Amino acid sequence: MSDEQYMREAVALARGNVNGGGLPFGAVLVRDGKIVARAVNEVLATNDPTAHAEMQAIRQASQTLATSDLRGAVMYASGHPCPMCFAAMYRCGIRAAYFAYSNEDGEPFGMSTAAMYAEMRRAPEGGELQLHPFRPTGEQGLYEAWEARRAGVEPAPRDSTT
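Quick note: the sequence shown uses the working numbering, first residue 18, plus one each step.
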């Protein structure tokens, strides 16, 4: 199949989702010339704000391929991926994504994520969503425990009196 065919399928999934009462987003994830996932936005059906088409495709592909490493995969999405989907694609190794409808196309319909991208460019302490460091008293060694577990070494026991 070609890029054109993959994108047509993503758009067809989105149209089908609209016809079924969902949002106009579909995604196709391709790796090694094979479709490994097809998904639609399921936010309205599940009340899960993370159930975007791209996220659902990543979840499906990770289950199907039994790995969270999706390097070499290409995402075809009906709409411009939001920052969450962009971050998820980046995190799992996807380095190419194509979209049919831009943020500008979606703006008149409330379907643009341009404002979220602008928010992401702001410093964490200056944005609309305030991030604050806060570690409970006495808490330490979380990442060291993970590293030790990953290396197959038992972490030293923590003093339970603190």
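For each residue, glycine too, the CB sits at the ideal point set by N, CA and C. The structure presented is a predicted model; accordingly, all values stated were derived computationally and were not measured.
{"Item": "According to DSSP, Ala44 sits in a beta bridge with which residue or residues?", "Value": "Ala56 and Ala94"}
{"Item": "Report the CB separation of Leu87 from Ser79 in whole angstroms; it is logged as a contact under 8 Å.", "Value": "7 Å"}
{"Item": "Let's see if you can read the secondary structure: which residues bound the alpha helix (DSSP H) around Phe103?", "Value": "Pro100 to Cys109"}
{"Item": "With the cut-off set at 9 Å, would you say Leu30 and Ala83 are in Cβ contact?", "Value": "no"}
{"Item": "Taking C-beta to C-beta, are Arg32 and Ala44 nearer than 9 Å?", "Value": "no"}
{"Item": "Let's test the definition: count the other Cβ atoms within 10 Å of the Cβ of Met18 and tell me whether it reaches 16, buried, or not, exposed.", "Value": "exposed"}
{"Item": "Whole angstroms is fine: what's the gap from Ala168's alpha carbon to Leu146's?", "Value": "36 Å"}
{"Item": "Would Arg64 pass as a contact of Pro41 if the rule is Cβ separation under 9 Å?", "Value": "Note that residue 64 is Asn in the sequence shown, not Arg. Contact flag unset, no."}
{"Item": "Sorry if obvious, but does the Cβ on Tyr118 come closer than 8 Å to a heavy atom of the ligand SAM?", "Value": "The ligand SAM is not among the ligands present in this structure, which contains no ligands whatsoever."}
{"Item": "Leaving out five residues before and five after Ser119 in sequence, what residues of the same chain have Cβ atoms less than 6 Å from its Cβ?", "Value": "His97"}
{"Item": "Around the C-beta of Asn36, are 16 or more other C-beta atoms found within 10 angstroms, so that it is buried, or is it exposed?", "Value": "exposed"}
{"Item": "Identify every residue that forms a DSSP beta bridge with Phe151.", "Value": "Bridge partners of Phe151: none, in fact."}
{"Item": "Do Thr81 and Pro100 count as a contact pair if the criterion is CB distance below 9 Å?", "Value": "no"}
{"Item": "Could you tell me whether the Cβ atoms of Val91 and Tyr115 are closer together than 9 Å?", "Value": "yes"}
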